[in-house]
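A.B. asks:
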Amino acid sequence: TEDLDRLIDQRMIEPMIVVLPDGQQGYWTNQANGGPQWADFITEDVVPYVDTHFRTDARRERRAIGGLSMGAHGAMQIAYRRPELFSIAGAHSPTIRPFEDSPEFFGDQAHFRLYDPLTLVRTSNNAKRVLTWIDLGNEDKFRATTAEMRQALLAREAPLEFHVFQGEHEGWYWMGYLPEYLRFYSRALYSKTFTPDGAPDLEDDTILLTASAQPGR
Numbered sequence: 006t007e008d009l010d011r012l013i014d015q016r017m018i019e020p021m022i023v024v025l026p027d028g029q030q031g032y033w034t035n036q037a038n039g040g041p042q043w044a045d046f047i048t049e050d051v052v053p054y055v056d057t058h059f060r061t062d063a064r065r066e067r068r069a070i071g072g073l074s075m076g077a078h079g080a081m082q083i084a085y086r087r088p089e090l091f092s093i094a095g096a097h098s099p100t101i102r103p104f105e106d107s108p109e110f111f112g113d114q115a116h117f118r119l120y121d122p123l124t125l126v127r128t129s130n131n132a133k134r135v136l137t138w139i140d141l142g143n144e145d146k147f148r149a150t151t152a153e154m155r156q157a158l159l160a161r162e163a164p165l166e167f168h169v170f171q172g173e174h175e176g177w178y179w180m181g182y183l184p185e186y187l188r189f190y191s192r193a194l195y196s197k198t199f200t201p202d203g204a205p206d207l208e209d210d211t212i213l214l215t216a217s218a219q220p221g222r
């Protein structure tokens, strides 16, 4: 939170509300065989709670979801499954695994495909409604599957910001680029213009608008 508060205080980013739930290394999926329903927890519990208890702008255009590593996997699949809730997905060093290399809680292949970001992009137009940011280090161990994700989004003509920075798949990398992530979310959440499918269009923005209700609203 220090980076967030500092950048807001220095007026380098706009005010925003950041919520950090704990998904217990579950990839934020609805797990098979009666396991935790992490995706539903976000969409059915966290989002309504935050909108009820904080001064939010509850429009989808003003709501983003993001994550690191397996959290990036979760952010993409939740946004692509529920684009009526999220217009922005930030995937920082996404952990995208093929079915053969996925944890047991993904279940059989049919259940796996329900929450696989690659499958969701290849089989639905929902990703076109979401502005996706993907970044990874130039030595990230998931470079190959992240490249597949990039190609799938480009083939779908979904809005995408893609960056390769210096680093590996580790905490030091994410800590170093956190201010860059926050600047992206600020630009996207305060976007003035949108694509025909309803994703923030940063290329045409000249004026930033508020992403959370102002005092007195």
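Under this note's numbering, think of the first position of the sequence shown as 6, with each following residue one higher. Backbone N, C-alpha and C fix where the C-beta goes; we use that ideal spot for every residue, glycine too.
With three or more beta-carbon pairs closer than 8 Å as the criterion, would you say the segment 25 to 36 touches the segment 109 to 122?
C.D. replies: yes
A.B. asks: Can you give the Cα-Cα distance for Glu144 and Arg134, rounded to whole angstroms?
C.D. replies: 30 Å
A.B. asks: Kindly provide the ranges of any beta strand (DSSP E) runs that are 3 or more residues long and lie completely inside the segment 45 to 113, ordered along the chain.
C.D. replies: 69 to 73 and 93 to 97
A.B. asks: Is the beta carbon of Tyr195 sitting closer than 7 Å to the one on Glu19?
C.D. replies: yes
A.B. asks: Distance, Cα to Cα, Met21 vs Ala204?
C.D. replies: Taking the straight line joining both Cα atoms gives about 18 Å.
A.B. asks: With a threshold of 6 Å on Cβ separation, who are the neighbours of Arg174 within its own chain once the five nearest residues in sequence on each side are excluded?
C.D. replies: It is His, not Arg, that sits at residue 174 in the sequence shown. Around His174: Ser98, Asp145 and Lys146.
A.B. asks: Give a yes or no on whether the C-beta atoms belonging to Pro201 and Asn131 are separated by under 7 Å.
C.D. replies: no
A.B. asks: Work out the CA separation of Gln156 and Val126 for me, nearest whole Å.
C.D. replies: In this structure, the alpha-carbon of Val126 lies about 10 Å from that of Gln156.
A.B. asks: Using the rule of at least 16 other Cβ atoms within 10 Å of the residue's Cβ for burial, across every protein chain shown, is Val52 buried or exposed?
C.D. replies: Residue environment: Val52 is assigned as buried (16 or more neighbouring CB atoms within 10 Å of its CB, all protein chains considered).
A.B. asks: Just how far apart, CA to CA, sit Glu162 and Thr137?
C.D. replies: 11 Å
A.B. asks: Using DSSP bridges, identify the partner residues of Asn35.
C.D. replies: Gln42
A.B. asks: State the DSSP-derived secondary structure class of Pro20, mapped to helix, strand or coil.
C.D. replies: For Pro20, the secondary structure class from DSSP, reduced to helix, strand or coil, is coil.
A.B. asks: Go ahead and label His168 buried or exposed: buried means 16 or more other beta carbons lie within 10 angstroms of its beta carbon, across all protein chains shown.
C.D. replies: It counts as exposed.
A.B. asks: Starting from Phe167, trace the beta strand (DSSP E) in both directions and tell me its first and last residue.
C.D. replies: According to the DSSP assignment, Phe167 belongs to the beta strand (DSSP E) that extends over Leu165 to Phe170.
A.B. asks: For Leu9, which residues from the same chain have a beta carbon less than 7 Å from its beta carbon, with the 5 sequence-adjacent residues on both sides left out?
C.D. replies: Val23 and Leu187
A.B. asks: Restricting to Cα atoms, I'd like to know which of Asp14, Met180, Gly79 and Arg86 is closest to Ile101.
C.D. replies: It is Gly79 whose Cα lies nearest to the Cα of Ile101.
A.B. asks: Quick check on DSSP: helix, strand or coil for Gly142?
C.D. replies: strand
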